[in-house]
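**Q**
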């Protein structure tokens, strides 16, 4: 899962404090995620991008997809996130 955030005119520190940290806090509260993959910032021109990988070999692809869909909906409600793509 990749999360793209846009914060026009903001410094990298502002994006981290006001967007990235909020996303990470939301991820910690989602039931069904046993391990949080490392969220890392990728600098691509003027956009901030966070990539999140969900991996669990003990459940089916369908179950993992349901968790991913729930995560997507949760992240879309976080203020400051412009777009969530799977």
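In this note's numbering, the protein residues as written are 423 to 508.
Just so you know, even glycine gets a beta-carbon here, dropped at the ideal spot from N, CA and C.
These figures come from a predicted structure and were not determined experimentally.
What is the rounded straight-line gap between the Cα of residue 485 and the Cα of residue 429?
**A** About 33 Å.
**Q** So what does DSSP say about residue 508, is it helix, strand or coil?
**A** Here residue 508 sits in coil by DSSP.
**Q** May I have the straight-line CA-CA distance separating residue 432 from residue 492, to the nearest angstrom?
**A** Distance between the alpha carbons of residue 432 and residue 492: 29 Å.
**Q** Tell me the rounded alpha-carbon separation between residue 483 and residue 450.
**A** Spanning the two alpha carbons is a distance of roughly 21 Å.
**Q** Under the assumption that residue 502 contacts residue 440 (Cβ atoms under 8 Å), give the Cβ distance between them as a whole number of angstroms.
**A** About 6 Å separates the two Cβ atoms, so the contact holds.
**Q** Assuming contact is defined by CB atoms lying nearer than 8 Å, are residue 448 and residue 488 in contact in what I supplied?
**A** No, these two residues do not count as a Cβ contact at 8 Å.
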